[in-house]
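Peer 1: Here's a structure for you.
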Amino acid sequence: MKDLLYLPDVVTLSLCEDTCNGCGMCIKVCPHEVFELSGRKARIIRKDYCMECGACALNCPVQAISVRSGVGCAAGIINGILRNSEPTCSCSGSSSNCC
Amino acid sequence: MGASYFEGKIIHSGLEIPQVGTKLNTSDFRGAVMVRWGINRNNYKVEPGLYAAGTPDSGSDVFVTANYKLSFDHLRKNLSGADSWILVLDTKGVNVWCAAGKGTFGTKELVRRIKITSLEKVVSHRRLILPQLGATGVAAHKVREETGFNVHYGPVSASDIRQFIKDGYRADREMRKIKFGFADRIKLIPNDFIYGKFYLLGAMLVLFLLSGLSSKGLSYRDYGGEGARSLLLVFLAYFAGIVITPMFLPYIPGRFFSLKGFFSGALVFLGYLIFGSSGHNLLTMASWFFIMGAVSSFVAMNFTGSSTFTSLSGVKKEMKLFVPVQAGFALTGIILHVIGKLI
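Residue numbers (our numbering), protein chains in the order written: chain Z, 859 to 957; chain W, -3 to 339.
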């Protein structure tokens, strides 16, 4: 089956290729094959498939990746608005939804 | 700790470590079915700490997981025959993916748990295998700095663990990819169905109250006819949003979940128009179009949280665009509904 794609041109992911040391960690942690190693540098090849989970940025040892990560979850955003906080799933709260 | 998955204890390096089975029993299955329906979901936990699956020794692999029992069960059933250690982190009973997003399945807790369990004495190697989806909370290089343990991200799905080990601790492209197939989506539906219950009951209540309205005033004598029909129609719209939309997600047009939900809502509206609209005037019929569209669209939008490919930026954009539309539809629907009843 073709990979499911959400909205184009909204993702906040960016990679600084000058800083990248080519370790390939971003490729290992990304569940949507957003990166590729080309030469000795990582490259973003499928940006629109990124779900902004932040795994790549967190695991990049040289901080070459930046992304505004969070939960892609409408219920979470509603929760955030109601509690006046960052969008959050209520996984461990009193209600039982989980993103 | 008399849980049925304990098989005893093993003594290793002077430590007493609980041993767990790698075959799930009926009580595990029953628990799994219940939590999928949201029953006992916030208290389906395993005690954090170190466990032995089979009879591991100091050279055996260490698999890290969350203390949500469903996560723990998925892991241990895929370790049958592979004597291993299981390190369970305290994620407050939340699964790996959600907990990693929140940071409870995270660097800090992993480092802390390694120290509490004296893992460096239990195993002679320095290799930890984490589920790939845990990477959202764990920085591998920081864990190495603080504990000396090397984090290896395993496959997304625990069912690929054996192949992962056979391939020399390498997850290939397919193993690294998160999938969202029919079966994956179906499993999530019951919980989402239950989660939105207050939206459902609220909408049902409003439409039921309006069903008693007529040009002669307000009367609920006919609750068996018009009242029941209103309840059914709201329920169908909800069903369209939270069952039909996820089931056929890839095949329903539109990228926005709200739009997909609107289409499913329109489909059940069509069913109503053909089979269930007798005795309704045009305004009432039109009102149901707006009401069912609004309900289905809103509920389907909430499925973004269960999907595996929506981003925060995307969902924010979707909500900015569609929440006003949904609200407009609901309001238009209610107004038309009232007028339709009164004339």
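Glycine is no exception: its CB is placed at the ideal position from the N, C-alpha and C atoms.
Since this is a predicted model, take the numbers as computed values, not measurements.
Taking DSSP as the reference, what is the three-state secondary structure of residue 953(Z)?
Peer 2: By one-based count along the first sequence, residue 953(Z) stands at place 95. At residue 953(Z), the pLDDT of 34 sits below 50, so the modelled position is not reliable; the number obtained from the coordinates is stated separately. In this structure, residue 953(Z) counts as coil in the three-state DSSP scheme.
Peer 1: Please classify residue 216(W) as buried or exposed, where buried requires at least 16 other C-beta atoms within 10 Å of its C-beta.
Peer 2: As a first step, residue 216(W) must be located in the second sequence, where it is residue number 220. Residue 216(W) is exposed by the Cβ-count criterion.
Peer 1: With a threshold of 8 angstroms between beta-carbons, can residue 938(Z) be considered close to chain W, or not?
Peer 2: Taking the first sequence and counting its residues from 1, the one referred to as residue 938(Z) is at position 80. By this cut-off, residue 938(Z) is not an interface position.
Peer 1: Report the partner residues of residue 82(W) according to the DSSP bridge assignment.
Peer 2: To locate residue 82(W), count along the second sequence from 1; it is residue 86. Bridge partners of residue 82(W): 47(W), 59(W).
Peer 1: Kindly list the residues whose CB is nearer than 8 angstroms to the CB of residue 21(W), restricted to its own chain and excluding five residues on each side of it in sequence; keep chain order.
Peer 2: Counting from 1 along the second sequence, the entry for residue 21(W) is found at position 25. Closer than 8 angstroms at Cβ, skipping near neighbours: 0, 1.
Peer 1: Please state if the CB of residue 172(W) and the CB of residue 886(Z) are separated by a distance shorter than 8 angstroms.
Peer 2: Counting from one through the first sequence, the residue named residue 886(Z) turns up at place 28. Counting from one through the second sequence, the residue named residue 172(W) turns up at place 176. Contact flag set, yes.
Peer 1: Taking residue 906(Z) as the reference, give the member of 925(Z), 920(Z), 918(Z) with the closest Cα.
Peer 2: Sequence index remark: in the first sequence, residue 906(Z) carries index 48 (1-based). If we check each option's Cα against that of residue 906(Z), 925(Z) comes out closest.
Peer 1: In the DSSP assignment, the alpha helix (DSSP H) including residue 141(W) goes from what residue to what residue?
Peer 2: If you number the second sequence from 1, residue 141(W) lands on position 145. It spans 136 to 143 - the alpha helix (DSSP H) in which residue 141(W) sits, taken as one unbroken run.
Peer 1: Run through DSSP, which three-state label would residue 896(Z) get?
Peer 2: Residue 896(Z) sits at position 38 when you count from the first residue of the first sequence. DSSP places residue 896(Z) in strand when its eight states are reduced to three.
Peer 1: Rounded to whole angstroms, what's the CA-CA distance from residue 324(W) to residue 244(W)? Just pull it up for me.
Peer 2: The residue you call residue 324(W) lines up with position 328 of the second sequence. The residue you call residue 244(W) lines up with position 248 of the second sequence. Their Cα atoms are separated by approximately 26 angstroms.
Peer 1: Are there 16 or more other CB atoms within 10 angstroms of the CB of residue 212(W), so buried, or fewer, so exposed?
Peer 2: In the second sequence, counting from the first residue as 1, residue 212(W) sits at position 216. With fewer than 16 Cβ atoms within 10 Å of its Cβ, residue 212(W) is classed as exposed.
Peer 1: Does any C-beta atom of chain W lie closer than 8 angstroms to the C-beta of residue 910(Z)?
Peer 2: To locate residue 910(Z), count along the first sequence from 1; it is residue 52. Taking Cβ atoms only, chain W reaches closer than 8 angstroms to residue 910(Z), which makes this a yes.
Peer 1: Check whether the Cβ atoms of residue 18(W) and residue 55(W) lie closer than 8 angstroms to each other.
Peer 2: Counting from one through the second sequence, the residue named residue 18(W) turns up at place 22. Counting from one through the second sequence, the residue named residue 55(W) turns up at place 59. Not in contact: residue 18(W) and residue 55(W) (Cβ atoms no closer than 8 angstroms).
Peer 1: Count the other CB atoms within 10 Å of the CB of residue 121(W); is the residue buried (16 or more) or exposed (fewer)?
Peer 2: Residue 121(W) sits at position 125 when you count from the first residue of the second sequence. Result: exposed.
Peer 1: Residue 14(W) bridges to which residues according to DSSP?
Peer 2: Counting from one through the second sequence, the residue named residue 14(W) turns up at place 18. 5(W), per the DSSP bridge assignment.
Peer 1: Could you tell me which chain Z residues have their CB closer than 7 angstroms to the CB of residue 135(W), listed as they occur along the chain?
Peer 2: The count along the second sequence starts at 1 and reaches residue 135(W) at position 139. Going along chain Z in sequence order, the residues near residue 135(W) (Cβ under 7 angstroms) are 916, 917.
Peer 1: Pop quiz: residue 877(Z) and residue 922(Z) are said to be a contact at Cβ under 8 angstroms. What is the actual Cβ separation, rounded to whole angstroms?
Peer 2: Mapped onto the first sequence, residue 877(Z) falls at position 19. Mapped onto the first sequence, residue 922(Z) falls at position 64. That pair is a contact at about 4 angstroms.
Peer 1: Between which two residues does the beta strand (DSSP E) holding residue 123(W) run?
Peer 2: Looking up residue 123(W) in the second sequence gives position 127. Taken as a continuous stretch (DSSP letters only), the beta strand (DSSP E) holding residue 123(W) covers 123 to 126.
Peer 1: Any residues in the segment 276 to 304 of chain W with a beta carbon nearer than 9 angstroms to a beta carbon of chain Z? Which ones, in chain order?
Peer 2: Answer set for the segment 276 to 304 of chain W: 294, 297, 298, 299, 300, 301, 302, 303, 304.
Peer 1: For residue 865(Z), would you say it is in contact with chain W, using Cβ-to-Cβ distances shorter than 8 angstroms as the test?
Peer 2: For the purposes of this step, residue 865(Z) is taken as the residue at position 7 of the first sequence. At least one chain W Cβ lies under 8 angstroms of residue 865(Z).
Peer 1: Under the three-state reduction of DSSP, which class applies to residue 219(W): helix, strand or coil?
Peer 2: Within the second sequence, numbered from 1, the residue matching residue 219(W) stands at position 223. Three-state result, residue 219(W): helix.
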